[in-house]
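Chains as they are written, first to last, in numbering that gives the first Met the number 0: chain A, 0 to 139; chain B, 0 to 139. All C-beta atoms in this analysis are idealised placements derived from N, C-alpha and C, irrespective of residue type, glycine included. Structure record follows, encoded as structure tokens.
Number of protein chains: 2
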Amino acid sequence: MRTPAELTERFRAQGLKITPQRVAVFDALHDNPTHPTAESVHSAVVARMPTVSLRTVYQTLNDLAEMGEISRLEVGTGSARFDPNVEERHHHLVCESCGMVRDLHVEVAPELGDDVPEGFEVVGAELVVRGRCRSCADKD
Amino acid sequence: MRTPAELTERFRAQGLKITPQRVAVFDALHDNPTHPTAESVHSAVVARMPTVSLRTVYQTLNDLAEMGEISRLEVGTGSARFDPNVEERHHHLVCESCGMVRDLHVEVAPELGDDVPEGFEVVGAELVVRGRCRSCADKD
DNA sequence: CTTTGTGCAAAGCCTTTGCACTCGC
DNA sequence: GCGAGTGCAAAGGCTTTGCACAAAG
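Listed below in structure tokens is the structure:
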């Protein structure tokens with residue numbers, strides 16, 4: 000992910016305003032490998048700036064996602080997850096017990112051509128590997 | 000997918016009752032390649048049995064999913080999609096414009112071992128290929 | 001100063017659930 | 001008959017939105 004300073008630049012370039020709330024969201028995402036939900040980002044932000052509302056967090060996350068600075072994942076854990084790592088092409092591993100999401104750096108380059116219908120423009124492909132993480136497995 | 004008659008058997012074997020509503024859901028799913036939402040299944044069922052409620056459809060779909068007779072997909076199109084094809088291992092192609100979901104018979108067998116953490120039990124892997132289908136592309 | 005952002009609370013969408021009635025077994 | 005299934009409507013979780021005030025450029 001870009002640094003908070005770079006994001007500030009990008010926002011300014013788009014005519015978006017720089018507010019302490021937005022910077023707090025940038026900070027909360029920076030080098031955050033946990034694939035947080037909007038709710039977790041909000042908690043992290045509120046810890047240091049108690050008045051920030053969920054609305055502001057959602058809006059900032061959506062702005063970032065539209066600018067392509069983060070990506071939004073739907074992995075079936077109820078809420079959307081946000082991934083600050085958009086530079087490296089990667090996939091995800093999901094623990095169905097605790098909802099943990101982890102990056103997976105595998106190359107998934109199947110010969111798609113064979114089964115993709117004529118005229119379908121492929122934009123991207125996401126692999127989600129599901130299972131149970133060690134600490135959840137240990138609990139049983 | 001199993002035939003409605005086979006599903007009837009399976010339901011009976013589980014001590015679940017056979018009702019015309021449930022059979023109507025079985026019929027609506029049988030050999031249905033559209034990956035319908037709960038709502039579409041409901042519409043199809045209502046066409047022939049106008050009093051069936053969404054509740055009943057959801058419950059039957061959930062029962063089927065728990066029994067492993069259908070699978071539930073979350074592909075980011077808003078509502079969950081139900082896939083009656085659980086026999087063939089396959090993946091999915093999603094049109095981000097119209098929400099169409101199509102089966103994709105590609106082998107995605109990356110060497111997961113390399114990047115999966117110690118102790119993580121892999122249950123399954125789903126590939127979602129996103130893009131835009133021909134008829135949506137033609138609209139622009 | 002004008003335009004954009006913020007906070008609150010209310011509404012929206014999809015799905016599940018509580019209750020009383022009905023029906024399969 | 002008994003217990004499971006059904007229909008309705010209301011509630012639940014996550015996300016978005018309308019409004020009035022505050023703040024950035």
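Using a Cβ distance threshold of 8 Å, Leu-53 of chain B and His-41 of chain B count as a contacting pair.
Setting aside the 5 residues that flank it on each side, Asp-26 of chain A is surrounded in the same chain by Pro-3, each with a C-beta closer than 6 Å to its C-beta; the list follows chain order.
For the options A:Met-0, A:Leu-126, A:Ser-39 and A:Glu-8, the alpha carbon positioned closest to that of Val-105 of chain A is the one of A:Leu-126. The criterion of a C-beta distance shorter than 8 Å is not satisfied by Val-85 of chain A and Arg-129 of chain A. Counting only residues of its own chain and dropping the five nearest sequence neighbours on each side, Pro-19 of chain A has a CB closer than 7 Å to the CB of Met-48. Per the coordinates, the alpha-carbon of Val-56 of chain A lies some 19 Å from the alpha-carbon of Thr-76 of chain A. If you look at His-41 of chain B, you'll find it in the alpha helix (DSSP H) that goes 37-47. If you check the CB distance, Glu-73 of chain B and Ala-64 of chain B do not come in under 8 Å. Interface criterion not met: the Cβ of His-34 of chain A is under 8 Å from no Cβ in chain B.
Distance between Gln-58 of chain A and Asn-31 of chain A, taken at the CA atoms: about 19 Å. Under the 10 Å beta carbon count, Asp-82 of chain A is surrounded by 16 or more other beta carbons and is classified as buried. Residues are counted here when their Cβ sits less than 7 Å from a Cβ of chain A; for the segment 121-135 of chain B these are Val-121, Val-122, Gly-123, Ala-124, Glu-125, Leu-126, Val-127, Val-128, Arg-129, Gly-130, Arg-131, Cys-132 and Arg-133, given in chain order.
DSSP, reduced to helix, strand and coil, places Glu-125 of chain A within a strand of the structure shown. The continuous beta strand (DSSP E) containing Arg-101 of chain B extends over residues 100-103.
Under the three-state reduction of DSSP output, Cys-94 of chain A falls in the strand class. In the same chain as Val-115 of chain B, and ignoring 5 residues on each side of it, the C-beta atoms closer than 7 Å to its own belong to Val-121, in chain order. Residue-level contact check: Val-107 of chain B touches chain A, since one or more beta carbons of chain A fall below 8 Å from its beta carbon. Contact of Gly-67 of chain B with chain A is not assigned, every C-beta pair being separated by 8 Å or more.
Bridge partners of Arg-71 of chain B according to DSSP: B:Phe-81.
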